[in-house]
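Peer 1: Residue numbers (our numbering): 20 to 143.
The structure is given below, and queries will be raised subsequently.
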């Protein structure tokens with residue numbers, strides 16, 4: 020099986036779920052926004068139908084509000100998170116969790132240490 024890579028220039032989210040581009044024959048405006056977002060020169064050399072059939076964008080480039088309750092992408096969703104910001108998106112919890120998209124459970128359970136807290140280091 021051939022790996023499907025994200026079409027966004029500079030993205031290496033190969034293990035993330037991928038989403039098909041909007042159908043250009045049904046919504047060319049949204050399709051063009053997706054292509055423009057990718058900043059991928061290779062896409063500019065392809066016809067829209069080939070991009071629609073063969074290219075994908077990984078879920079890291081979408082905000083949590085772009086997804087339905089069943090983790091499917093909304094029809095009107097447009098990618099907004101750049102490849103350079105994907106690690107920030109993961110840290111904010113904008114990735115799939117057991118209960119769906121949102122804050123991962125470990126963030127809720129992690130105790131917060133005040134910045135002014137003194138930490139004692141045991142001496143040997």
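Ideal Cβ positions, reconstructed from N, Cα and C, are used throughout, including at glycine.
A quick note: this is a predicted structure, and the numbers were derived from the prediction, not measured.
Distance, Cα to Cα, residue 57 vs residue 95?
Peer 2: Between residue 57 and residue 95, the C-alpha separation is close to 17 Å.
Peer 1: Applying the 10 Å Cβ sphere with the 16-neighbour rule, what's the burial state of residue 27?
Peer 2: So residue 27 ends up on the buried side.
Peer 1: Give the DSSP-derived three-state secondary structure of residue 30 in the structure shown.
Peer 2: Three-state DSSP puts residue 30 in coil, outside helix and strand.
Peer 1: Apart from the five residues just before and just after residue 41, which ones in its own chain have a Cβ nearer than 7 Å to its Cβ?
Peer 2: Taken in chain order, the residues that qualify are 49, 50 and 53.
Peer 1: For residue 103, is the classification buried or exposed, using 16 other Cβ atoms within 10 angstroms of its Cβ as the cut-off for buried?
Peer 2: It counts as exposed.
Peer 1: Around the Cβ of residue 113, are there at least 16 other Cβ atoms within 10 angstroms (buried) or fewer (exposed)?
Peer 2: With a pLDDT of 45 at residue 113, under the threshold of 50, the modelled position of this residue cannot be trusted; read the value that follows with caution. Label assigned to residue 113: buried.
Peer 1: Could you tell me the boundaries of the alpha helix (DSSP H) in which residue 144 lies?
Peer 2: Residue 144 is absent from the model: the chain starts at 20 and stops at 143.
Peer 1: Buried or exposed for residue 85, going by 16 or more other Cβ atoms inside 10 Å?
Peer 2: Residue 85 is buried by the Cβ-count criterion.
Peer 1: Output the distance between the C-alpha atoms of residue 55 and residue 34, rounded to the nearest integer angstrom.
Peer 2: Using only the alpha carbons, I get a separation of about 23 Å.
Peer 1: Starting from residue 60, trace the alpha helix (DSSP H) in both directions and tell me its first and last residue.
Peer 2: Segment 60–63, the alpha helix (DSSP H) holding residue 60.
Peer 1: If you compare alpha carbons, which of 78, 83, 69 and 100 is closest to residue 43?
Peer 2: When each option's Cα is compared against that of residue 43, the closest is 69.
Peer 1: Following the continuous beta strand (DSSP E) through residue 37, name the residue where it begins and the one where it ends.
Peer 2: Segment 37–39, the beta strand (DSSP E) holding residue 37.
Peer 1: From the DSSP output, in three-state form, read off residue 71 for me.
Peer 2: Three-state DSSP puts residue 71 in a helix.
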